[in-house]
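Enquirer:
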Amino acid sequence: MASLKPLEIYKLLPKKNCKECGDPTCLTFAMKLAGGKAQPDQCPYLDENAKAILGASTRPPIQKVKIGVGERSFAVGEEMVQYRHEKTFIHEPGIMTAIADTIPADRIKEITTDVRDYVLTRIGTDLRLNGIAIRCESGSPGEFSRAVEAVESVADLPEVLMSIDPLCMEAALGVSGNYRPLIHAATHENYHEMCRLAKKFSCPLAIRADTLDSLADLSSKCATEGISNLLLDLTSTSLHEVLNRTTAVRQHAVTRQTPALGYPVFLDCAQQGLDDAFLVTGVAKFGSVLVCNPLSHPVRRALLVLRQNIYTDPQKPIQITPGLYRVGNPGMDAPVLLSVNFSLTFFTLQGYLEASRVPSVMLVVDTEGLSVLTAVASGKLQEAMVKEAIAKFDLGNAVSHRKLIIPGYAAPLSGRIEDATGWKVLVGPRDAADIAEFLLQEWKP
Amino acid sequence: MGISTISEWTGQIGELVIGATRSEGGTRSRMLKVGGEKDLNGIGNPPLGHTAVVAYEIADDPDLWPAVARHAAGDASSDPATWARFAETEVRPDLIRLYCTSTRRRGFSDTAGIRKTIEEVLQATSLPISIEGSNDPAIDSEVYQKIGEAAAGERVLLGTAEAGRYRSVAAAAMAYGHSIIAQSPIDINLAKQLNILLREIGIPHDRIAIDPYTGALGYGFEYSYSVMERIRTAALKGDEDLAMPMISSAVDSLTVKEVREAEGEDADRIAVAWELYAMLPAYLAGAAIVSARHPKTIPLLRDACSSIFQAYHGGGE
Chain F
4 MASLKPLEIY KLLPKKNCKE CGDPTCLTFA MKLAGGKAQP DQCPYLDENA
54 KAILGASTRP PIQKVKIGVG ERSFAVGEEM VQYRHEKTFI HEPGIMTAIA
104 DTIPADRIKE ITTDVRDYVL TRIGTDLRLN GIAIRCESGS PGEFSRAVEA
154 VESVADLPEV LMSIDPLCME AALGVSGNYR PLIHAATHEN YHEMCRLAKK
204 FSCPLAIRAD TLDSLADLSS KCATEGISNL LLDLTSTSLH EVLNRTTAVR
254 QHAVTRQTPA LGYPVFLDCA QQGLDDAFLV TGVAKFGSVL VCNPLSHPVR
304 RALLVLRQNI YTDPQKPIQI TPGLYRVGNP GMDAPVLLSV NFSLTFFTLQ
354 GYLEASRVPS VMLVVDTEGL SVLTAVASGK LQEAMVKEAI AKFDLGNAVS
404 HRKLIIPGYA APLSGRIEDA TGWKVLVGPR DAADIAEFLL QEWKP
Chain E
50 MGISTISEWT GQIGELVIGA TRSEGGTRSR MLKVGGEKDL NGIGNPPLGH
100 TAVVAYEIAD DPDLWPAVAR HAAGDASSDP ATWARFAETE VRPDLIRLYC
150 TSTRRRGFSD TAGIRKTIEE VLQATSLPIS IEGSNDPAID SEVYQKIGEA
200 AAGERVLLGT AEAGRYRSVA AAAMAYGHSI IAQSPIDINL AKQLNILLRE
250 IGIPHDRIAI DPYTGALGYG FEYSYSVMER IRTAALKGDE DLAMPMISSA
300 VDSLTVKEVR EAEGEDADRI AVAWELYAML PAYLAGAAIV SARHPKTIPL
350 LRDACSSIFQ AYHGGGE
């Protein structure tokens, strides 16, 4: 169902203006509901019909599900769009490192400790792996619960407990059931038992079926049993099939065509030889919980950075504050390099300048977070603002010369910048990687 | 019943052919046909006979090439023809992208040498190729004329046309029967404008590949990802000025800090990861041609793209 307009919502409200929802009138409450800033259950007087309509149209089309407890717990779901450029993607997928319950406890602890401690800091954010998936390959409740104990002995990480045998699952839940692990998986065969366990331990539940129709049917059955914290396991050995399933599920969920598919997606990415491809597809195309084999350092870095990229809000370019930035310990004769306040341009140039070992000054102007290339093309980088920035940041007193190195892609502006500022302009390389060579060969104060 | 993907599209991506075989007046062993899709990459049934194209990038002046890619190619990288041969026999991409990096040196003037390089590369490999020329308007005309002429009849992909400088590339493409790469700086409107400019000077739409410029993973890749998705969905909604196949190369992948600062074997592994984790999502976002410089990235990228692309022909559903 498409979202309702405020007046359409208003018609469904009691129009008593009782203020019990916290708003002065039913109309203002209707406007908040339409904007997603209030919940229908804040109104105590809604009739059943209104509740059904408003419940369906104002709750996010994909159920929010929380996995784990404490500092490292994470939420998935609540996504609203098919493409990140339509608004943004909300909750990053959790990356869960898989271990089998048949490997030695020491190895389990080693892998768990690594997942617990690994952190990659980029652009001021700590990127981490999220948790551990324990596969019951032994078929034994005792072995399975011992493996969970081994994990629990070193970390409070979110877990996925993977077994279709309710006896094994109950044994494992006896160990970590109070810490909200994800139960994987309920099928048409075992869902009664699995729902009972999910209810008993208040845990989220992943469900699995051969086709999307069968899965929608199963999610409805689980809902009837009172379980709404579900994830849909869309794993297939065919990556093509996975992509088509995840795309279809997101489409049916966000358009509300098939509310029974309005749940986050689980993918087992440990697939022979194609783990990377499954992980990339999971991150870019709607995965919410991704299970994988232990990842090498190069792969985990790339994966975490990709996830950060895809889940960055496209409406907010990451900017830095315009101003003078000093690299090394620049003297009065140090070169001055013009750059823009797009954070990645800044960090890239700064990195190469540090590597060049030539102390320098960066003059960063406000291009509203655009890169050099896009700022020049769209007119967001102009000579007047360079002139203003030189005055505002008192560049004339920071160096004794009057020379400005501009980015290669800003070459078309070189004459105009010279005329406007009175500074001599040197056109630098297009690629920041060439800046060291440029400074060594071309720079004289 | 039968819940499946919902197609909301009316448009179709145009087709682009790269490489001419003997029967078409060239010497390539095969031609590549890209485009033709009516949905996102990998969704539903892809058009028969089309493939995801994986390109391996090499350079004529290896000093101006990332060290990790150069070292991985070993001695082959010292000479473009040997490198092209190495590409065909060892790396096995669908397409070789030759960057004439020599033209980017200050004071470059050896256009006769460029001509010779192209001829030798075409001799050394029978794979379809694309050729990236100079990026200095002062020498563009001469360089592209020489490249175009040396590859006459081979239907190569010629790069790069940009909004400020496209006439030399376009002229060479038209004179010698090539197609061109139209590059714009991560902006759907600028991509469209350039395609309109090219149309106005007589380049047919089926001779253009859109290069929306791809930032490296962690260095603006998210912008490129979304611009590719926007271009692709605009095309599927019927915008013919954006309905050309896209080519993507995260050209800075191997010079980013993460790769630069890695050492030994780790450098190769991170280089491969950095390329793979940008190019595979680029393919999912809509690129028809994805490119990499590390030889070990190529087979991984091929396996991944074909498993996304081909399942319905491989005995799947």
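Read top to bottom, the protein sequences are chains F and E.
Numbering of the first sequence is given in the working numbering, commencing with residue 4 and proceeding in unit increments.
Numbering of the second sequence is given in the working numbering, commencing with residue 50 and proceeding in unit increments.
No residue lacks a Cβ here, since even glycine has one placed at the ideal position from N, Cα and C.
Measuring CB atoms only, is the region 174–188 of chain F touching the region 63–75 of chain F, in the sense that at least three cross pairs come out at less than 8 Å?
Expert: At 8 Å Cβ cutoff, the stretches touch.
Enquirer: How should F/Q444 be labelled, buried or exposed, when 16 other C-beta atoms within 10 angstroms of its C-beta is the threshold for buried?
Expert: By one-based count along the first sequence, residue 444 of chain F stands at place 441. F/Q444 is exposed by the Cβ-count criterion.
Enquirer: When we look at the beta-carbon of E/G182 and count the other beta-carbons within 10 Å, is it buried (16 or more) or exposed?
Expert: Walking along the second sequence from the start, residue 182 of chain E turns up at place 133. Its Cβ being crowded by 16 or more others within 10 Å, E/G182 is buried.
Enquirer: Look up F/M165 in the DSSP assignment and give the residues it is bridged to.
Expert: Taking the first residue of the first sequence as 1, we reach residue 165 of chain F at position 162. According to DSSP, F/M165 bridges with F/R138, F/H187.
Enquirer: Between the region 276–284 of chain F and the region 314–334 of chain E, can you find at least three pairs of beta-carbon atoms closer than 8 Å?
Expert: Counting Cβ pairs under 8 Å, three or more are found: they touch.
Enquirer: Can you tell me the Cα-Cα spacing of E/V321 and E/E312, whole angstroms?
Expert: Translated into the one-based positions of the second sequence, residue 321 of chain E becomes position 272. Translated into the one-based positions of the second sequence, residue 312 of chain E becomes position 263. Answer to the nearest angstrom: the Cα atoms are 13 Å apart.
Enquirer: Count Cβ pairs between the region 84–92 of chain F and the region 109–123 of chain F that sit closer than 8 Å; are there 3 or more?
Expert: The answer is no - the region 109–123 of chain F does not touch the region 84–92 of chain F, with fewer than three Cβ pairs under 8 Å.
Enquirer: Between the alpha carbons of F/R360 and E/M277, how many angstroms are there, rounded?
Expert: Your numbering for residue 360 of chain F matches position 357 in the first sequence. Your numbering for residue 277 of chain E matches position 228 in the second sequence. Computed Cα separation, rounded: 37 Å.
Enquirer: How long is the line joining the alpha carbons of F/L233 and F/F269, rounded to whole angstroms?
Expert: Your numbering for residue 233 of chain F matches position 230 in the first sequence. Your numbering for residue 269 of chain F matches position 266 in the first sequence. Whole-angstrom Cα-Cα distance: 10 Å.
Enquirer: Check whether the Cβ of E/T54 lies closer than 8 Å to any Cβ atom in chain F.
Expert: By one-based count along the second sequence, residue 54 of chain E stands at place 5. Yes, contact with chain F.
Enquirer: Can we count F/P317 as close to the ligand NAP, meaning its CB is less than 7 Å from some heavy atom?
Expert: Looking at this structure, you won't find the ligand NAP or any other ligand, since it has none at all.
Enquirer: Please say whether E/G335 and E/M295 have beta carbons closer to each other than 8 Å?
Expert: Walking along the second sequence from the start, residue 295 of chain E turns up at place 246. Walking along the second sequence from the start, residue 335 of chain E turns up at place 286. Yes, these two residues count as a Cβ contact at 8 Å.
Enquirer: So which residues on chain F does E/T304 lean against when the C-beta distance must stay under 8 Å?
Expert: If you number the second sequence from 1, residue 304 of chain E lands on position 255. Chain F residues near E/T304: D434, A436.
Enquirer: State yes or no: is the beta carbon of E/F270 nearer than 8 Å to at least one beta carbon in chain A?
Expert: This model lacks chain A altogether, as its protein chains are F and E.
Enquirer: Along the region 341–358 of chain F, where does the CB come closer than 9 Å to a CB of chain E? Name the residues.
Expert: Cβ contacts with chain E: F345, L347, T348, F350, T351, G354, Y355, A358.
Enquirer: Please tell me whether F/S417 has its Cβ less than 8 Å away from any Cβ of chain E.
Expert: Taking the first residue of the first sequence as 1, we reach residue 417 of chain F at position 414. It does not: the Cβ of F/S417 has no partner Cβ on chain E nearer than 8 Å.
Enquirer: Short of 7 Å Cβ to Cβ, which residues in the region 166–183 of chain E face chain F?
Expert: Here the close residues number zero.
Enquirer: My understanding is that F/C225 touches F/C198, with C-beta atoms under 8 Å, so please give their C-beta distance in whole angstroms.
Expert: In the first sequence, counting from the first residue as 1, residue 225 of chain F sits at position 222. In the first sequence, counting from the first residue as 1, residue 198 of chain F sits at position 195. Confirmed, about 6 Å.
Enquirer: Can the beta-carbon of E/L247 be found less than 8 Å from the beta-carbon of E/I259?
Expert: Locating residue 247 of chain E in the second sequence gives position 198, counting from the first residue. Locating residue 259 of chain E in the second sequence gives position 210, counting from the first residue. No. Outside cutoff.
Enquirer: For F/Q318, count neighbouring Cβ atoms within 10 angstroms of its own Cβ and tell me buried if that reaches 16, exposed if not.
Expert: Residue numbering aside, residue 318 of chain F sits at position 315 when the first sequence is read from its first letter. Result: exposed.
Enquirer: Which word fits F/I137, buried or exposed, when buried means at least 16 other C-beta atoms lie within 10 angstroms of its C-beta?
Expert: Against the first sequence, residue 137 of chain F aligns to sequence position 134. Flag for F/I137 reads buried.
Enquirer: Checking contacts by CB at 8 Å: is F/K288 closer than that to chain E?
Expert: On the first sequence, position 285 is the one that residue 288 of chain F refers to. Closer than 8 Å to some Cβ of chain E, the Cβ of F/K288 qualifies, so yes.
Enquirer: Quick check on DSSP: helix, strand or coil for E/S340?
Expert: For the purposes of this step, residue 340 of chain E is taken as residue 291 along the second sequence, with counting starting at 1. In this structure, E/S340 counts as strand in the three-state DSSP scheme.
Enquirer: Taking the C-alpha atoms as reference points, what is the distance between F/K447 and F/G326?
Expert: Reading the first sequence from its first residue, position 444 is the one you call residue 447 of chain F. Reading the first sequence from its first residue, position 323 is the one you call residue 326 of chain F. Computed Cα separation, rounded: 23 Å.
Enquirer: What number of angstroms, rounded off, separates the C-alpha of E/V117 from the C-alpha of E/D109?
Expert: Your numbering for residue 117 of chain E matches position 68 in the second sequence. Your numbering for residue 109 of chain E matches position 60 in the second sequence. Straight-line Cα distance between these residues: approximately 16 Å.
Enquirer: Can you give me the start and stop residues for the beta strand (DSSP E) that F/M99 sits inside?
Expert: Position 96 of the first sequence, counting from 1, holds the residue named residue 99 of chain F. F/M99 -> beta strand (DSSP E) spans 97–103.
Enquirer: Could you give the distance in angstroms between the alpha-carbon of E/G208 and the alpha-carbon of E/A224?
Expert: In the second sequence, the residue the question calls residue 208 of chain E occupies position 159. In the second sequence, the residue the question calls residue 224 of chain E occupies position 175. Each residue's alpha carbon lies about 15 Å from the other.
Enquirer: Give a yes or no on whether the C-beta atoms belonging to E/C149 and E/I180 are separated by under 8 Å.
Expert: If you number the second sequence from 1, residue 149 of chain E lands on position 100. If you number the second sequence from 1, residue 180 of chain E lands on position 131. Against a cut-off of 8 Å, the Cβ pair of E/I180 and E/C149 comes out as a contact.
Enquirer: Based on Cα-Cα distance, which residue from F/K14, F/A150, F/G39 lies nearest to F/L30?
Expert: As a working note, residue 30 of chain F is residue 27 in the first sequence. Here the closest residue by C-alpha is F/K14.
Enquirer: To the nearest whole angstrom, what separates the beta carbons of E/A284 and E/P261, a pair I think is in contact under 8 Å?
Expert: Locating residue 284 of chain E in the second sequence gives position 235, counting from the first residue. Locating residue 261 of chain E in the second sequence gives position 212, counting from the first residue. So it is not a contact: roughly 12 Å between Cβ atoms.
Enquirer: Contact criterion: CB-CB distance below 8 Å. Does F/T100 meet it with respect to chain E?
Expert: Locating residue 100 of chain F in the first sequence gives position 97, counting from the first residue. Not an interface residue.
Enquirer: If I follow the unbroken alpha helix (DSSP H) through F/V361, where does it start and stop?
Expert: Against the first sequence, residue 361 of chain F aligns to sequence position 358. First-last for F/V361: undefined, no H or E at that position.
Enquirer: Listing by chain order, which chain F residues have their CB less than 8 Å from the CB of E/E278?
Expert: On the second sequence, residue 278 of chain E is found 229 positions in, with the first residue counted as 1. Neighbours of E/E278 on chain F, chain order: Y86, R87, H88.
Enquirer: Using a Cβ-Cβ distance cut-off of 8 Å, determine whether F/N133 contacts chain E.
Expert: Against the first sequence, residue 133 of chain F aligns to sequence position 130. No, its Cβ sits nowhere closer than 8 Å to a Cβ of chain E.
Enquirer: One question on the structure: do E/R204 and E/G68 come within less than 8 Å of each other, judged by their Cβ atoms?
Expert: For the purposes of this step, residue 204 of chain E is identified with residue 155 of the second sequence, where counting begins at 1. For the purposes of this step, residue 68 of chain E is identified with residue 19 of the second sequence, where counting begins at 1. Yes; because the gap between Cβ atoms is below 8 Å, this pair is in contact.
Enquirer: Give the secondary structure of E/E86 by DSSP, where H, G and I count as helix, E and B as strand, and everything else as coil.
Expert: On the second sequence, position 37 is the one that residue 86 of chain E refers to. Residue state, collapsed to three classes: coil.
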